[in-house]
Every structure is written in C-alpha cells, then in structure tokens.
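Take a look at the structure set out below.
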Amino acid sequence: MTEQNNYGQYSFNIGDTEFPKGIQADNYVKTTRYSLFSFIPLTLYENFNRFANIYFLIMAILGFMPWSPISPVVQIAPLIFVTVVSMVKALIEDLMRFLNDQKYNNFPFEVWRDGRFVKLQSWKIKPGDIIKIESCVEMPADIAILATSEKGGECYANEVNLNGETAIKQRKALFSSAQLSPEEAGRIHGTITISLPNKDIQRVNGTFTVNNNQFPFSIHNCILRGVFLKNTSWTVGLCLYTGHDTRIIQNQRHPPHKTSQLEKRLNKIIIFDFILNFSIVLFLTIMDFIYEKKMNFYWVKKQTNLAYFFFQEFTAYAILLSYMIPISLYVTIEFIRLFQSWTFSKDFGMYEPGLGFCSPKNSNLNEELGVIDHVFSDKTGTLTENKMSFVQMSVRGDIYDTLNQIDLIKSKISTDENLSLFLQCLGLCHSVIVSSEGYSSESPDEEALVTHTAKLGVKLISRVSDESITVEIDGTETIYDHLASVAFTSARKRMSVVVRTLSNDIYLFMKGADAMMMNLLKNDEDKSTIDLVNSQITSFAEQGLRTLVLGYRKLDKQEYTNWKERLQNAAIELENREENIARVGSEIEHSLTLLGAVAIEDELQPYVAETVAYLARMDVRFWVLTGDKKETAVSIAKSTNVITPSCSVFEILEGTEEETNTALEGIMNARQSVAVISPDGLENLIENNPKKLVEIGDLCRSVVCFRMSPFLKSRVVAVVRENTDRVCLSIGDGANDVNMIQTAHVGIGIFGREGHQAASNSDFAITRFKHLKRLMVCHGRLSLLRLSGVILYMITKNIVLIFPQIWYSIMTRWTPTTIYDDFLLSTFNLVWTIFPPVEYGWFEQDLSFKSMMSYPYLYKEARAGRYLSIWRFSLEFVSATYQSVVLFLFNVYFPSRSVIDGNGDSTGYSTAGFTLFVSVVMCMNIQVIMRTHGWTLILFLAVYLSIFVFYLFTLPYGSLSSFAPSMFFVPQTVFRMPIAWLEIIISIIAGLIPEALFRILKSLWYPSYSRIVRESEQLAYDGLPLLAKA
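First residue of the sequence shown? That's 16 in this note's numbering, and the numbers climb one at a time after it.
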C-alpha cells in the first residue's frame, strides 16, 4: 500500500525576519498543558468530566438547601479533597514540563549574526539562521548541513531521542558547501524551498538555491531537533524548521487512551450503584409522601404544594444516601496502580544486566495483564536476539560454510569470477558507515554481512559521502566511484547501488528478497541454476535462516547517463520525491545476472520456547507476525514451540471461501492445530470474512503469519480486537511494531538493538521476551486480584455505612434524618477506612511467585473473571446488607428502648449514632484481615492505626461543643460505658461470623484452584496430589 504525502511548500531567504502565516518565527517551545490563568478552569473541567464527581457536586449544591439533613460540609469536604489531590498532581506534572521547557529554550547556541558567531538562547533562533553545533550537543532545530569538521562533509548523529534508534547514522553536507569553514558557511546567501511543517520524520525534501544553482537536499542532508551530534567535532547548519514546526514536536502526542476490562466492569457496578441509589431514594420518598399525606403531617411542615414537598423529600433522601457511591474510589485506585507500577520496575525477576528493569508506562493497564487471551508477537528482536551471523552462502549453486571455510573462500577470490563478484556485491551494496569504532548500520543484517565479508577477503575500508567506496579485495585496495544508490524500503524489498570501476566499467549491484529478485533476472539466465539456488534458499529457510538474493548487471554508459539525468530530476522534486526516485530506480533494476544467496542466522533469545509453551498451557493464543518467508517462519515456529510435533498445520495461502472452510473443518477436527497464513490470504480474510479469521485464531493453538508488513500487522490485531471480546496483547522491539503495539489492548515493547521506539510507544517495556511470562502471570494476576478486592471492599463498606440510614429512616416513620455526625461521616472514606484497602492494594498476595509461574491454570482462573464477577458482587452486596442490619439492630434499634447510661442519664440518639459509627469503622477495618490471604505486620499496623487514630481523634473532638454541639461529650460517654462496648463487640461478631463461615465452608466444599495451590504451599507439599483431585 502506497501513501502519498502531498504537503504544500514555501520559500524563504537566509536572514529573513518575516515568514508566511502559520510558520513559527522563533524557536520557543511550550509543552505545558496549562497557563497561569487556565490552570484552575481546565483542571476543574477535567475533574468534572467524570460522572461521579458531577454527581457529588450536585449533592453538594443541594446540601445548601434548608431542608438538607446533612451539613453541606459533608458533601463539599470530600469533593474538595479529591479535586485538590487531582489538581496538585496535574500541577506537579505540568511544573516538571515547564522546567524542562525552560532548560531547552534558554540553552545557548552559536548563531551567525552581523558577520560572526554569537551566543544566543535557543528560543531566539529563527528559520534561515546559520548555527554552529559542537559534538555531543542536542540539535535545537531541524537543520540542513552546510559544513562539518570532516573532510568529506560527513557527520554522525544519534537519533535515539527522535525515534528510539540507537545506531549511529551518517549525514552529509550539501555538495555546494561541504569543504567550507564555519565562517565561510556563515556567509552563504541563498533561498530555501521546503515543504510546510509536517510529522514525517523519515523525509525532509527541499532545494537550496545559491547563485542560480539549485541543490536538492533530503533527510540525508539534515539533522532534526532532539538528535545528538556524534563522532564529529562541529557542524554548521541552516535552520529549516524551529519551535513547534520541528518534526519531533509535530510528533508529540498523547498515547491512545486504553481502558482495562476491570475498569469497564467497575463502571457497570457504579451504574448499578447509581440505579440502586435512585430506586431506594424514590421508594423512601414515595413512602414518606404516602405516610405524610395519610397523617396530614405536611400541614405541620407548612407545605401545601405537594409537588414541591415531593421534590423536597426526594432531594433530602438523595443527599442522605449519596455516600453509597465512594467518592475516594478512583483516587485510591490510581494511588494503588502507581505503587504497583513501581513494584514492576523494581522486580529483579525482570532485570537484565546491561539493559535494566521493566519500565511501566501506563499504570491504568496493570490488571489488564492478568486477562490476556491473544498474544501477537514480532519475530526478529522479539523472539530472537537480533544478533545476525552470516553463516552460509550459495554462489550460483556452490554452497560455502562462511564460518568454517574462510580460507577456502579467500583462496578462490582471484580465480573464481562469480565468487569475486558475489563478495564485491556484499562489500558495495549496503548503507554501512565506517567510523573509528568500526562498522555501524541501521540494519543488523547489513552490519553482519559487511563485517563477515571482510573476513572472507573483501573488506570495506571507507566511503566518502556519495563520491567513492574503498574496499580491500584479496589484500589490494580498490576505489569505486559511487554513482548512485536506490535505498531499501518495505515496498521495494531490495537495494541497489551503481558503481564505476577503475577500468571505467559501470556495474549495478543488487540484493533483496528472493520473491522480488528472482523476477528481475535476465530472460536467458540458466534455468537449472535458478532452480538449484531456489531449492538451496528453501533449505536455508527451513533451517530458520534469513535469506537474501544477490545479482548484478553491467550497464551501458549511455543508458546510465540517461538514467542518471532522470534520477537527478526526480531528486529535485519536493512532492513524492522518494516515490519518484524508487520509480526511476526500478527502470534499470532488470535483466540481472544471478550471483547467489546468503543465509543469515538470528539466534533465539533464552527461554523463548519455554515461555511460549507456558502461554499455550494458559490457553493464550499465540500469533507470530513476521516479515520472513514461509519456510523461515515455520522453522522458527517449530524451534520456539509455536508449532509442536503434536500439532496439525493448516495453510491458508489464498484466503478463498473454499480454502478457509477446508482449513476450519480440519482445525475443528484436530486435537491441536496451527494455522499458517500468507499475506494474500490474510488480506482476503480481513476484507471478506474477518469473523472467520477470528474463529481461526480462537480455535488454533497458534497462528503464524509470514511476509507481514507493519500495516498488515496492525490490521490483524485491530480485526481480532474489534470482532471479539478477547483481550489482545502485542509485543515487538522495532519501529515497525509501533502501530501493532498501540492497536492492542496492551502493548509491550522490548528494548531492542535497533532502538527503543517500540519500548517508548508501549504500555510496558521489558528487556527480554521471557519476562512476558512473569509480567502476566505474576504482576498482571496480582494487580487484578488486588484491585478487584479493593473495589469490592470500598463499595460494600459504603453500603454498610449508608444502609443504616435507610433503616433509621424507616424506624423514624420515613423521616430523611441522618443518624451520624456530619464531620465523622465526611471523613469515613478519606481517613478512618483508607489505610487497610491501600495496604491490600499494595501488598496482598495469595501465592508465591514460584507457584504462579508453575501452575498455568491459576492464570485461567483469574482471566475467567472470578475476582470481580456479578456473582461475587451479589454475594458481597448481600453480606454488606446483612452487616448493616445487624450493626443497626445491636447499636440503635435494641438500645433505643433504654438509652440511659450508668448514671441514669439519657444518652439520646447521638450516642446511638456514634456507637453505630464506631461499630462500622471497626467492622470494616477488621474485615480486611478476614479477606486477605496473608497476614503481615503492615496489615495489622494499618488496621490498628485506623482504629487507634479514630479513638484518639474522637475524644478531643467530643470536647468541642462549639464545633459539634450534638457530639459534645458523646465519645467520652460511649467509651466509658461497658454496655456500649458490649453492643459494639457483639454487633461486629454477629456481622462478621456469617461471612467467615461462608468463606470457610466454601474453601472446604468448593475450593478454588488457587486455594488448593495455597494449601499445598502451606503444607510444604509439591501440590501434585492435591491438584490432581482438583
């Protein structure tokens, strides 16, 4: 698929101060989200985009109504606290961005002004300025190179900040000025014509006109903002784009928003909570209305408008029961997720020397790692090391072991013309850079080929820009004029170079994919040689080796001259320059003489096969998406346990209805099956029958897709994601995997040898594929377990708190009156019951990591949704309702007939309400101990501190008669009454015993798989007898 970039263009002169509308005239960069004046309104808007916050805001406003049963402070205080916490977090993050902006905007650079280089702050640089950059300094703008410290006008750049690629790239100065000194370059005058600012970091097309001479330039003559100058003393450049017009800023965007399955379930629970809340409020209002009308009490309230009376009572009940929705839930979840992410990044089980730890980048998806159904994996650099070794070659059918036959090959160079041309092709047709540190290339394949070819007798010595390439052949240095080259692209699948020898012969050397190269051979090429080489390529691929085919052609001088003119014209065009160069380049890429093929080995990463096998035992469907040919893909699949000896393999090469149905029938009848799909078959399935592709993915153990382009990779993931409720995870290491990573529910990037772009654009970054197992089965599962428990606990504890308000309303003849103190009610979620759930969310662990990584069924159990299912929530809801009834009966209803203390004084309903509140606080804190799978010192400290701090606070609080008149001396009264303590203790025991019994009986009669494994751990068994019974 070819995409055309039809950007507009504009021109400006060196030294201009005015620019077209929309072009930034300075280099100031602002990445902050807020300004001094917009911070408060924007952060408030962001906070109140959440429905729960809007609900609490409405309740807070209604709290100011004269008939409100609760002080407005009860509604406002928690809302303000949650909002302020969120605003402070946003402020800190934006302040960090502001300080970073200031650092870059004020960094000094040498800029040519008034006939000399002067130091100016970065933000003062404008398009058309000529600047001097020293080595190891980061580029302040997108520049075209005018001169460098190197003789040939080359310079070297590290683009890791721009695209994550760590390989050093060569850039070269414009032909017109390569030999200039900094001062001579500063005095240049001319006109620049370039495309309008855009996001394309792969191309910068323009022309530089000096004295009516027009020089085209491309990305190879430019260094973009954020790139570091390396291995070069200095570079003088002409600013093309500044500030927000630079490519790196144009590409800055927030990663796609992803919501976990747990959060979607939580939203459904919250909606249910709202509906339940509304239904109860409506029911209580109707009953109140009926009772008041029957008793004519609304006359006592001086209310004759029945509709207004109904509204008044409805809003009063709504305010009274608003705490059914835990306002601190989302803040608590975010806080827990952040700590979980920190633990991910400090796990030595996912540490790799020299590469580091796991790097979480999206804490919202921690728990999503525990429910993965499909894993989509790149091959090179993900399953393999991406360390290439040139191991075999076929020279027109003669096979050589390049590791063990080095002396033989070197001895035949001078006598075997085919072998000599073969090695010359490898030594000349590439984009490898020669530096003092050795060879480097953007492609590990090329670097491996050139490095090992040097050992075989053809050594790359140097290359001078686009002028010459020097190689040593059999000990003799030979200089070739580098006339032209047409780069490799994923669409072309080949690279070509045109060189002139010392004898003035012009040669075209090419290398590329076999499917492409075999179609470009000359018509009279020996068919038996072609068949032999093809069979050898297939044999290489079946060994899991990567292959490339080599060819050459001797060009006629007139043909070359005419072609070169067309190529130069294509290079001047601003629009679609690369496409035009590729089109013109292909005009001479034909009638090749076959030289042979190379075989490159990319060894597997450690424990890949074991990890894939474990994923299969977890019933996770594994997709391999690779650009290799079919035989290579299948061979690698076999060596990584993607295809096992017991698997039946079904090929889908065309994707027709008949072929697909036949494959599906075989897959359904097979015990274990693997589908091998070609790009054509995949395209047809996606276009005509996407649901059958999903069905194939669900039924097969694994799917292998070969000859995949980056675009097709992301399409496959998108089709599976959009046509099923399965959770998809993509994992890759290169820039070509970014779309696939961002399309999946969860994207995993691997810190690769080619760069960190995949890692930078992922949700989680790891150093090795083997760490995916630990990330999913340990951290993902535990995050799911912890957050599910916290959600259920926080929702049910509010039910236990608020339902007594309902019982009290019924007890008082449908009166919307609160039984709790306003201030204590407002701090229930934020203070008195906050530490235990946070501790649970941080440290809860039902099993050891060893067990989680030994029993794959544990992951299947978690993925089944048992931690936060409708059934589980229903049980929790019933339990919470029961506890609310018991606590109310023992603390309010039964004592209400004799609310007298030991001195014979009436204690009143304030005492009853406080006793109830104490019971709820203690009951909810103690309940966490019952729910946790492992008692720790931190857990007991959290529970103890919550209760003890509550006790210490309420004593002085009860002495503040002016602040809380209804609570004056109530805590002191309650805490010195034995009967009150008896009520509290009995109510807590009665409230918790049924849940405790249910948990015990369930574990005895219907134990979960995790329960059985946990018991086997505790009994120091290896677990196999118990697990067999399960």
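For each residue, glycine too, the CB sits at the ideal point set by N, CA and C.
- A distance below 9 Å separates the beta carbons of residue 565 and residue 437.
- Look at residue 829 here: in three-state DSSP terms it is coil, with no helix or strand label.
- Pairing residue 415 with residue 719, the inter-Cα distance amounts to about 30 Å.
- Here residue 332 is near residue 303, since their CB atoms are less than 9 Å apart.
- DSSP assignment within the stretch 247 to 278 yields the following whole alpha helix (DSSP H) runs of 4 residues or more, N-terminal first: 262 to 265.
- Distance from the Cα of residue 283 is smallest, within the candidate group 961, 892, 885 and 992, for 885.
- Residue 644 and residue 556 have their C-alpha atoms spaced approximately 8 Å apart.
- C-alpha of residue 435 to C-alpha of residue 656: approximately 40 Å in a straight line.
- When the five nearest sequence neighbours on each side are left out, the beta carbons in the same chain lying within less than 8 Å of the beta carbon of residue 669 are those of 693, 695, 696 and 699, in order along the chain.
- One alpha carbon belongs to residue 449, the other to residue 177, and they sit about 23 Å apart.
- Taking the Cα positions, residue 742 is about 30 Å away from residue 104.
- Secondary structure note for residue 786: it is in no beta strand (DSSP E), and the uninterrupted alpha helix (DSSP H) holding it is 786 to 789.
- Only exposed fits residue 35, as fewer than 16 other CB atoms lie within 10 angstroms of its CB.
- Assigned with DSSP and collapsed to three states, residue 408 falls in strand.
- By the neighbour-count definition (other C-beta atoms within 10 Å, threshold 16), residue 1021 is an exposed residue.
- Under the Cβ criterion (8 Å, minimum of three pairs), the stretch 160 to 168 counts as touching the stretch 237 to 255.
- C-alpha of residue 374 to C-alpha of residue 217: approximately 27 Å in a straight line.
- If you check the CB distance, residue 273 and residue 740 do not come in under 9 Å.
- Annotated three-state conformation of residue 430 is coil, per DSSP.
- Here the alpha carbon of residue 549 sits roughly 25 Å from the alpha carbon of residue 473.
- Rounded to the nearest whole angstrom, the C-alpha separation of residue 72 and residue 94 is 7 Å.
- For residue 613, the enclosing beta strand (DSSP E) begins and ends at 608 to 619.
- In this structure, the straight-line span from the alpha carbon of residue 90 to that of residue 979 is close to 17 Å.
- The three-state secondary structure of residue 503, taken from DSSP, is coil.
- For residue 288, the secondary structure class from DSSP, reduced to helix, strand or coil, is helix.
- Between residue 451 and residue 462, the CB-CB gap reaches or exceeds 9 Å.
- With a 10 Å radius around the Cβ and a threshold of 16 neighbouring Cβ atoms, residue 815 comes out buried.
- DSSP places residue 157 in the strand class (E or B) of the three-state scheme.
- The C-alpha of residue 471 lies about 12 Å from the C-alpha of residue 407.
- Counting of Cβ neighbours within 10 angstroms places residue 149 among the exposed residues, the total staying below 16.
- The beta-carbon separation of residue 775 and residue 758, rounded to 16 Å, does not stay under the 8 Å limit for a contact.
- Residue burial annotation: residue 959 is exposed, with fewer than 16 other C-beta atoms found within 10 angstroms of its C-beta.
- Per DSSP, the continuous alpha helix (DSSP H) segment holding residue 330 begins and ends at 321 to 335.
- Inter-segment contact for the stretch 662 to 679 and the stretch 707 to 723 is present: three or more beta-carbon pairs are separated by less than 8 Å.
- Using a Cβ distance threshold of 9 Å, residue 810 and residue 888 count as a contacting pair.
- With contacts defined by Cβ atoms closer than 9 Å, residue 899 and residue 822 form a contacting pair.
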